[in-house]
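Chemist:
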């Protein structure tokens with residue numbers, strides 16, 4: 454009986470090593486998780502309220518781009534840009550959507566065209582003040598800042 458108890462004690466002391474697991478380092482876990490994340494894509498695309506009812510991710514993305522392009526074109530097609538900048542037929546617009554739904558629009562024009570940047574910026578700010586609200590993109594459950602470049606055709610030749 455003493456041998457059984459002694460054997461049991463020896464085995465139980467040895468078995469403690471099986472329960473002694475190393476706790477992973479927080480920094481290592483964080484680095485591994487950060488490497489897994491694709492920072493170039495978002496989980497949910499930014500959206501307008503009219504696109505929220507769509508369930509398919511591709512449909513939501515298409516709806517967003519179409520609505521954004523249509524809104525930009527309708528607000529910027531005014532004759533003042535065409536009169537002030539007759540050499541422009543298309544403007545690339547950089548759209549910046551912050552994580553709290555603030556919008557910023559920046560015209561991007563090639564250096565080969567001479568233009569008055571402050572004047573063009575002021576026209577953009579004036580025309581795009583009442584732009585519809587855009588819900589921000591979501592990455593891992595957190596709203597994030599996103600940027601897009603959209604071509605806006607001003608004059609069709």
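In my numbering, the protein residues as written are 454 to 610. The beta-carbon is built from N, C-alpha and C at its ideal position, and this holds for glycine as well.
#1: To test your reading of the DSSP string, which unbroken alpha helix (DSSP H) runs of 4 or more residues are found completely within the stretch 520-552?
#2: Using the Cβ count rule (16 or more neighbours within 10 Å means buried), how would you classify residue 534?
#3: Can you tell me where the beta strand (DSSP E) with residue 601 in it begins and where it stops?
#4: Are the beta-carbon atoms belonging to residue 588 and residue 522 less than 9 angstroms from one another?
#5: In this structure, how does DSSP classify residue 558 when only helix, strand and coil are distinguished?
#6: Could you tell me the boundaries of the beta strand (DSSP E) in which residue 570 lies?
#7: Would you check if the distance between the CB atom of residue 516 and the CB atom of residue 507 is smaller than 9 angstroms?
Modeler: In short:
#1: Fully enclosed alpha helix (DSSP H) runs of 4 or longer: 532-537.
#2: In the chain shown, counting from the first residue as 1, residue 534 sits at position 81. It counts as buried.
#3: To locate residue 601, count along the chain shown from 1; it is residue 148. It spans 599-606 - the beta strand (DSSP E) in which residue 601 sits, taken as one unbroken run.
#4: Residue mapping note: residue 588 aligns to position 135 of the chain shown, counting from 1. Residue mapping note: residue 522 aligns to position 69 of the chain shown, counting from 1. Against a cut-off of 9 angstroms, the Cβ pair of residue 522 and residue 588 comes out as no contact.
#5: Locating residue 558 in the chain shown gives position 105, where the first residue counts as 1. Strand.
#6: By one-based count along the chain shown, residue 570 stands at place 117. Run containing residue 570: none in the beta strand (DSSP E); it sits in the alpha helix (DSSP H), 570-580.
#7: Sequence index remark: in the chain shown, residue 516 carries index 63 (1-based). Sequence index remark: in the chain shown, residue 507 carries index 54 (1-based). Yes, they are a contact pair.
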